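Student: Following this message is one structure expressed as structure tokens.
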Ligand SMILES: [Zn+2]
């Protein structure tokens, strides 16, 4: 089921202001987060409007986390991350999604949670496209 006031459901400009679609998985969609303060930061969103992990069936969880695992492995490799951070919040945007954030020991916020409150790093359209191409070709 889709929800009218949810940007992951409607895929409106609020979504495209924040992220760019990379590709679809079996029950989810992968996006490149426009703020690339953490190079390779992505979001994996469940394809349907669910708000809590426990609202997904066991099979849906299995499929979702299999995709997440595959993506994380690729991001770790191609962005030379020391650790992938995974974050599930949803206070303001309740649609079930996971932030996938490659972190580096010598990069920003190592050892503490990643943040949206510090300087954002935006790329040019060409840079976004080449980053998306790199991720897609590695999946
Ligand atoms: Zn939704």
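Residue numbers (this note's numbering): 357 to 495.
Glycine included, C-beta positions come from ideal geometry on N, C-alpha and C.
Please read these numbers as outputs of a predicted model, since none were measured by experiment.
Can you tell me the Cα-Cα spacing of residue 410 and residue 386, whole angstroms?
Tutor: In a straight line, the C-alpha of residue 410 is about 21 Å away from that of residue 386.
Student: Assign residue 401 to one of three DSSP states: helix, strand, or coil.
Tutor: Strand at residue 401.
Student: Look at the Cβ atom of residue 394, then the Cβ atom of residue 463, and state whether they are nearer than 9 Å.
Tutor: Result yes, Cβ atoms of residue 394 and residue 463 sit closer than 9 Å.
Student: Does residue 458 pass the burial test, meaning 16 or more other C-beta atoms within 10 Å, or should it be called exposed?
Tutor: When all chains shown are included, residue 458 counts as buried.
Student: Can you look up residue 420 in the DSSP assignment and give me helix, strand or coil?
Tutor: Reduced to three states, the DSSP call for residue 420 is helix.
Student: Taking just the CA atoms, how far does residue 361 sit from residue 408?
Tutor: When rounded, the distance between both Cα atoms is 17 Å.
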